[in-house]
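Student:
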Amino acid sequence: MKGLIKIVYAAVFFVSVSNAFAGSKAGGKSHSPATIEHFFADLQGTFAIGHRGFGINLGENPDKPIENTIASVVAAFESGVSIVEVDVAITADGKAVVMHDDYLEDLTCVNALSYETLHELKPEVPTLKALLKTAKRYARNYSASGYYAKRHLKKQQEKLQRNEFLQGLVIIEIKTPSPLCDATDSTANTLAESVIKAVRRSRMEQQVIIESFSPAVLNEIANLAPELPRNLTMTALQFLSEAQIEAATGLPVTLIDKDAGYGLQWAEIGSFFRLPGYESIEQYFITAHLAGVTVIALDWVFLAQAEQLQPGAAAAIVGQAKQLGLIVHAYVADTAQQWQMLEEWGADGIFVSDVPLGAGLQSR
């Protein structure tokens, strides 16, 4: 008889635990996957974006992880941000890897190296697929009331100072390959294809945004993976004349013919940048509209210069973008004062290199 009672108790306990686990992990509301759509559905306040994961660091700061690594992304999510940004390049054997430039410190091109060789030289550099798989473990919506969600919130609440949040979201920046490593301007589409493959194989289609300075790259993404949201970013350099760019960077500027379908003049800046130019902020907005993006990213330098020339201009630019239905990110706030200015100008999301600072300042 006692043996039968033990069996019954064990069965009841197993069913209870199974139901709680299923409700908190699989299809239950209490632990559903976070998505970009959920995140943007009800934008309130300003959120922080972890720049290159946990912020810029090539190893000079031993107190924070190397940028664009799995460790940097984990540290950012653990600090309380919902979304991080990382950069990608492509290896000779077609793997999308996470690093800011497509060349090493000695100017060796990444696309001339196999991933195995790159890993020997830079063991901290992950494949995009590996990084996304790690981010996926954080892609959970903890806003509901299940037992495991409540337990997680109780552990995190003091640190995060809010009672609901989404995490595990990733902005993937695809730069136009540098003239140094792609003299014929022919590898951008291959990189885009590799990024899409990594996103799909990690099943992170609903958790990523594809970002680029190049509307041509975003057009390729739209053709190959129209379900992925896109972000057209910009830099103040793109609004300068050739002479102004050369004075600002010390690099020669070469105008190039690049028929990307948007009527823009492209230029190569030294051996490192290949960018389209804009005659005005209106032309940039038109390009964003034609590229079908839902998000734009505005350069802090551009906004600050506009504000200096005409007080109120920065807020007007952000307001104009929002009237066009765009979500506005701004980069990069390195201080609380810069954050406050970008927030006052109306930015929805702000890139930060000091991620704990940004996590503490965000009001979402």
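What the sequence shown shows, in mature numbering (1 follows the signal peptide of the UniProt record, and there is no 0), is residues -22 to -1, 1 to 342, in sequence order. Heads up, the beta-carbon is just placed ideally off N, CA and C, and yes, glycines get one too. Remember, predicted model here, so these are calculated numbers, not experimental data.
What is the rounded straight-line gap between the Cα of I48 and the Cα of K107?
Tutor: 11 Å
Student: Just grab the DSSP bridge partners of C87 for me.
Tutor: Y81
Student: Can you give me the C-alpha to C-alpha distance between S192 and F263, rounded to a whole angstrom?
Tutor: The straight-line gap from Cα to Cα measures roughly 13 Å.
Student: Measuring CB atoms only, is the segment 230 to 237 touching the segment 197 to 211, in the sense that at least three cross pairs come out at less than 8 Å?
Tutor: no
Student: Would you kindly work out how many angstroms separate the C-alpha atoms of L131 and V59, rounded to a whole number?
Tutor: Bear in mind that a pLDDT of 44 at L131, under 50, signals an unreliable position, so the model cannot answer this.
Student: Is P155 near A166, with beta carbons less than 7 Å apart?
Tutor: yes
Student: Note down the Cα distance separating I44 from E63, rounded to an integer number of angstroms.
Tutor: 14 Å
Student: Determine the direct distance from the alpha carbon of P204 to that of D20, and round the result to whole angstroms.
Tutor: Their Cα atoms are separated by approximately 23 Å.
Student: Below 6 Å CB to CB, which residues in the same chain sit around W323 once its five sequence neighbours on both sides are set aside?
Tutor: A292, A293 and V296
Student: Which first and last residues belong to the beta strand (DSSP E) in which T227 is found?
Tutor: Premise fails: T227 lies in the alpha helix (DSSP H), E220 to T227, not in any beta strand (DSSP E).
Student: So the alpha helix (DSSP H) S50 belongs to, where does it begin and stop?
Tutor: I48 to S57
Student: So what does DSSP say about T162, is it helix, strand or coil?
Tutor: coil
Student: Using the Cα positions of K42 and G241, report the straight-line distance between them to the nearest angstrom.
Tutor: Rounded to the nearest whole angstrom, the C-alpha separation of K42 and G241 is 43 Å.
Student: Assign G338 to one of three DSSP states: helix, strand, or coil.
Tutor: In the three-state reduction of the DSSP assignment, G338 falls in the helix class, which pools H, G and I.
Student: Among L215, A275 and I174, which one has its Cα closest to the Cα of P254?
Tutor: L215
Student: Entirely within the segment 304 to 329 and at least 3 residues each: give me those beta strand (DSSP E) ranges in chain order.
Tutor: Complete beta strand (DSSP E) runs here, min 3: 305 to 311.
Student: Below 8 Å on the Cβ atoms is my contact criterion, and I expect V271 with A26 to pass it. Report the Cβ-Cβ distance as a whole number of Å.
Tutor: Going by Cβ atoms, the distance from V271 to A26 rounds to 21 Å, so no, they are not a contact pair.
Student: Please report the residue range of the beta strand (DSSP E) in which G297 lies.
Tutor: It is not in any beta strand (DSSP E) - G297 instead sits in the alpha helix (DSSP H) that spans A291 to Q301.
Student: What is the DSSP secondary structure of A284, counted as helix, strand or coil?
Tutor: helix
Student: From L339 to A314, what distance separates their C-alpha atoms?
Tutor: Rounded to the nearest angstrom, the two C-alpha atoms are 8 Å apart.
Student: In angstroms with no decimal places, state the Cα-to-Cα distance between A245 and L229.
Tutor: 12 Å
Student: Check F251 in the structure and name its three-state DSSP category.
Tutor: strand
Student: Under a Cβ-count criterion, where at least 16 other Cβ atoms within 10 Å of its own Cβ denotes burial, should S164 be classed as buried or exposed?
Tutor: exposed
Student: Inspect the CB distances between the segment 60 to 80 and the segment 146 to 154 and report whether three or more fall short of 8 Å.
Tutor: yes
Student: May I have the straight-line CA-CA distance separating V76 from S219, to the nearest angstrom?
Tutor: Inter-residue distance for V76 and S219 is about 32 Å (C-alpha atoms, whole angstroms).
Student: Determine the contact status of P157 and R252, defining contact as a CB-CB distance below 7 Å.
Tutor: yes
Student: Here's a check: name, in chain order, each residue in its chain whose Cβ is nearer than 7 Å to the Cβ of Q134, leaving out the five neighbours to either side.
Tutor: In this prediction, Q134 has a pLDDT of 48, which is less than 50 and means its spatial position is unreliable; what the coordinates show is noted afterwards. Correct list: empty, nothing qualifies.
Student: Nearest-angstrom Cα distance between residue 344 and D84?
Tutor: The requested residue 344 does not occur in the structure, where the chain is confined to residues -22 to 342.
Student: Under the DSSP definition of a beta bridge, which residues are partnered with A67?
Tutor: V75
Student: Looking only at its chain, what residues have a beta carbon closer than 6 Å to the beta carbon of T265, apart from the 5 residues adjacent to it on each side?
Tutor: P193 and Y240
Student: How many whole angstroms separate the CB atoms of L99 and L82, which I take to be in contact at a CB cut-off of 8 Å?
Tutor: 7 Å
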